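Visitor: Pasting a structure here, questions to come.
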Amino acid sequence: MYEALVPAELGFAESGVPYSALYGDLYHSAEGGPGQARHVFLRGSQLPARWQGRARFVILETGFGTGLNFLATWAAWRADPEACDRLHYVSVEKHPFRVDDLARLHQAWPEFAELAAELRASWPTLAPGMHRLTFADGRLVLTLLFGDAERMLTSLRTGVDAFYLDGFAPDKNPDLWSAALIGRLGDLANWGASLATWSVALPVRGHLQAAGFRCDPSPGYGRKKEMLAGRYVRERPAAPPPTGAPWFSAPGSPAAPAASAWRRAAGGSS
Ligand SMILES: C[S@@+](CC[C@H](N)C(=O)[O-])C[C@H]1O[C@@H](n2cnc3c(N)ncnc32)[C@H](O)[C@@H]1O
């Protein structure tokens, strides 16, 4: 059913920043990974403010990579006394790191050492498909989708409140920024869902607009003058909520109802 998984090969650029030889690009800004995660993805998504007082909040990331965005989000959520009761973080990754490589990568971020150790202790076998990890007594749920993003997201059913778009540069990693993939993100978006990415490439902006996101450039991080932050603004006809349905179904599940139905169901508890 799934293609065999090819793990990431850990490499570093001269600057010491993790580097992918496969894609010819860096995993994060040379000006600092945690700073980029906080500026582009947290602040770009207006977090923590938008998850405050919510029963549940769902983040979807394209490209889990080193887990840095996840760790920065977890740390911000944990430090926020008004954070949502339950945070779902869904991330898709075609080439996951082996756990030993993650340990090497995580040494660079002592501020996340405790959380990173917890993540590695739960790190799944590198098998394709869905892996669900829980932290903080089940209040934080990390759903890792190991496989190609377009394929994995086609059969994902959930309503998403915030998208982190973090592929490698669009010209080096076009499949993670394709019109089809971004269109799928629109299908999964709750109304008003935020979108944040460091890329301001014109084709990406065009795909986002076509998918129902209104995005504007805002000040970028480090050497990047601009980044994109936006909201899902397309109105959709309401659908009746499904009865007794869970909020989420795994890729490949044959009985998954329409995305609009899941979005309506996202008001329930999970
Ligand atoms: C810039 S890195 C992500 C960095 C990550 N967010 C972090 O916090 O470390 C891009 C990631 O996208 C993954 N990727 C590239 N193409 C993909 C695809 N078609 N489907 C899923 N993941 C993909 C790469 O393997 C890589 O880990």
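Note that numbering that gives the first Met the number 0 gives residue 116 to position 117 of the sequence shown, counting from 1, and the numbers run on in steps of one.
Beta carbons are placed, not taken as given, at the ideal position from N, Cα and C, and that holds for glycine.
Given the structure is predicted, the values throughout are model-derived calculations rather than measurements.
With three or more beta-carbon pairs closer than 8 Å as the criterion, would you say the segment 29-38 touches the segment 221-237?
Guide: Yes, the segment 29-38 is in contact with the segment 221-237.
Visitor: What are the start and end residues of each continuous beta strand (DSSP E) run of 3 or more residues lying completely inside the segment 89-162, in chain order?
Guide: Segments of the beta strand (DSSP E) lying fully in the segment 89-162: 128-134 and 139-145.
Visitor: In the DSSP assignment, what residue or residues form a beta bridge with G229?
Guide: Bridge partners of G229: L194 and C214.
Visitor: Can you check DSSP and say which residues form a bridge with R85?
Guide: In the DSSP output, where bridge partners are listed per residue, R85 has R55.
Visitor: If contacts are defined as beta-carbon pairs under 8 Å, then G166 and L187 qualify, I think. What distance do you get, rounded to the angstrom?
Guide: Incorrect: roughly 17 Å between the Cβ atoms, too far for contact.
Visitor: Quick one, are the C-beta atoms of A82 and W76 less than 8 Å apart?
Guide: Yes, the Cβ-Cβ distance between A82 and W76 is below 8 Å.
Visitor: Any idea if D160 is buried or exposed, counting beta-carbon neighbours within 10 angstroms, 16 or more meaning buried?
Guide: Classification of D160: buried, given that the 10 Å Cβ count is 16 or more.
Visitor: What residue range does the alpha helix (DSSP H) around P33 cover?
Guide: Segment G32 to Q35, the alpha helix (DSSP H) holding P33.
Visitor: Measure how close the beta-carbons of V16 and L9 come, nearest whole angstrom, since I'm counting them as under 8 Å.
Guide: 12 Å between Cβ atoms; not a contact.
Visitor: Select from D147, P123, S154 and F134 the residue whose C-alpha is nearest the C-alpha of H94.
Guide: If we check each option's Cα against that of H94, D147 comes out closest.
Visitor: Can you tell me the Cα-Cα spacing of A46 and T65, whole angstroms?
Guide: Reading off the sequence, residue 46 comes out as Leu, not Ala. Whole-angstrom Cα-Cα distance: 21 Å.
Visitor: Would you kindly report the start and end of the unbroken alpha helix (DSSP H) that includes P202?
Guide: Where P202 is concerned, the enclosing alpha helix (DSSP H) stretches over L201 to A209.
Visitor: State yes or no: is the C-beta of L21 within less than 8 Å of the C-beta of A126?
Guide: No, the pair does not count as a contact, with Cβ atoms beyond the cut-off.
Visitor: Quick check: is any heavy atom of ligand 1 less than 7 Å from the C-beta of D215?
Guide: Because no heavy atom of ligand 1 lies under 7 Å away, the Cβ of D215 does not count as near it: no.
Visitor: With DSSP run on the structure shown, which of helix, strand or coil describes R17?
Guide: Reading the sequence as shown, one finds Pro at residue 17 and not Arg. Of the three classes helix, strand and coil, the one that applies to P17 here is strand, per DSSP.
Visitor: Pull the bridge partners of G10 from the DSSP assignment, please.
Guide: Paired residues: Y18.
Visitor: Going by DSSP in three states, D186 sits in which element: helix, strand or coil?
Guide: Here D186 sits in helix by DSSP.
Visitor: Label G23 either buried or exposed according to how many other C-beta atoms from any shown protein chain fall within 10 Å of its C-beta, with 16 as the threshold for buried.
Guide: G23 comes out exposed.
Visitor: When you compare only the Cα positions, how much space is there between P245 and Y88?
Guide: Only weak support is given to the placement of P245: the predicted model assigns it a pLDDT of 48, under 50, and the value that follows is read from those uncertain coordinates. When rounded, the distance between both Cα atoms is 16 Å.
Visitor: Hey, would you say the C-beta of S65 is under 7 Å away from at least one heavy atom of ligand 1?
Guide: Note on residue identity: the sequence assigns Thr, not Ser, to residue 65. Yes - ligand 1 has a heavy atom lying nearer than 7 Å to the Cβ of T65.
Visitor: Could you work out which residue in D170, E225, E234 and W197 is closest to G32 when comparing CA atoms only?
Guide: Residue W197 is the option with its Cα nearest to G32.
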